[in-house]
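Working notes for the structure below.
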Amino acid sequence: MILTRNPNLLKRSLKNQIIPSFDFFKNLLGTDEKAFIAVRRFSGILVNKVDTHVVPNVNILRENGVRESGICTLIKNWPRVITTDQVRFKEIVEEVKEMGINPLRGNFVQAVLAIRGMNKSTWERKVNAYKRWGLSEDEILVAFAKNPSCFRASEDKIMRVMDFLVNKMGLEASLIVKRPTLMSLSLEKRLIPRALAIQFLQSKGLVKKNFYLPTAFEHVEELFLQRFVLPNKEEASELLQLYKKEMDFPE
Numbered sequence: 433m434i435l436t437r438n439p440n441l442l443k444r445s446l447k448n449q450i451i452p453s454f455d456f457f458k459n460l461l462g463t464d465e466k467a468f469i470a471v472r473r474f475s476g477i478l479v480n481k482v483d484t485h486v487v488p489n490v491n492i493l494r495e496n497g498v499r500e501s502g503i504c505t506l507i508k509n510w511p512r513v514i515t516t517d518q519v520r521f522k523e524i525v526e527e528v529k530e531m532g533i534n535p536l537r538g539n540f541v542q543a544v545l546a547i548r549g550m551n552k553s554t555w556e557r558k559v560n561a562y563k564r565w566g567l568s569e570d571e572i573l574v575a576f577a578k579n580p581s582c583f584r585a586s587e588d589k590i591m592r593v594m595d596f597l598v599n600k601m602g603l604e605a606s607l608i609v610k611r612p613t614l615m616s617l618s619l620e621k622r623l624i625p626r627a628l629a630i631q632f633l634q635s636k637g638l639v640k641k642n643f644y645l646p647t648a649f650e651h652v653e654e655l656f657l658q659r660f661v662l663p664n665k666e667e668a669s670e671l672l673q674l675y676k677k678e679m680d681f682p683e
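Quick note on the numbering used here: the sequence shown kicks off at 433 and runs consecutively.
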């Protein structure tokens, strides 16, 4: 599979290029398994020269105080990012620092990932998408700093999720500043099914009318099922059918 995606590996010396590169990532990440994960996600890390395409960017992160665990998380999950042109990579790191995001926190590398994945015009379009819902630029930056993944959503998804939260659920647009994680959740597979389930339970008097819906959105699947679905299996069998329809929930 790796060779199919990147046949250029066959043109590289196994002894002088591929093995030394793999060993570098194995030593950095700590295990063969983690290095294999990175290679499967972007085999180009075995083709690029580590000394010129990877080490300088790793050093930039270290010099700016990013923890080794954060660096390893970035390389294991998004290895392509660490091969970014050194000048551009340094600009991105500086930009993230100027936003006031602490390099010691895990969301710093998430912010680097988000900024690296878009140009300035794309950033501005996403900012404007949030602004359409009455959010100020300062509020938008606060949301980004808390969870940069809210900017990895497309403009279309930003508009659809905000429309659902504000117009369908009657929540305040400022909710996204406090809970930007909501923007990274699936509208069709998470937000809508859970909202329907909670509304159904409320109609049966099994959940308080003033229940704070965003809490249910953020629960991991197992906790949501344990707290809301399974305990009400007998009282509201229709709930399971409603939830199964969207989630393929097993018997």
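Glycine included, every Cβ here is placed at the ideal spot set by N, Cα and C.
Endpoints, alpha helix (DSSP H) assigned at residue i
i	result
K459	Reading off the sequence shown, one finds Asn at residue 459, where the question assumed Lys. Where N459 is concerned, the enclosing alpha helix (DSSP H) stretches over 451-461.
S553	552-563
Cβ pair residue i, residue j closer than 8 Å
i	j	result
R548	I524	yes
N489	I451	no
I492	K522	yes
P612	A575	yes
V541	V482	no
C-alpha gap between residue i and residue j, whole angstroms
i	j	result
F632	T516	49 Å
E571	K578	11 Å
R626	S453	45 Å
F660	I630	8 Å
L607	N496	32 Å
L619	A585	11 Å
V593	M615	7 Å
V598	W510	33 Å
G532	L460	28 Å
E604	K610	11 Å
I590	N448	46 Å
L506	F583	17 Å
R512	F474	6 Å
V487	L545	17 Å
R462	V652	At residue 462 the sequence reads Gly, which differs from the Arg that was named. Rounded to whole angstroms, G462 to V652 spans 29 Å at the Cα level.
Cutoff 8 Å: residue i Cβ touching any chain B Cβ
i	result
I507	This model lacks chain B altogether, as it is built from one protein chain only.
Local Cβ density within 10 Å of residue i, reported as buried at 16 or more and exposed below that
i	result
R472	exposed
G502	buried
R622	buried
F643	exposed
**Request:** Mind listing, in chain order, the continuous alpha helix (DSSP H) runs of no fewer than 4 residues lying wholly within the region 472-555?
**Result:** If we require 4 residues or more, the alpha helix (DSSP H) runs fully inside the region 472-555 come out as 482-485, 487-495, 500-509, 518-530, 539-548.
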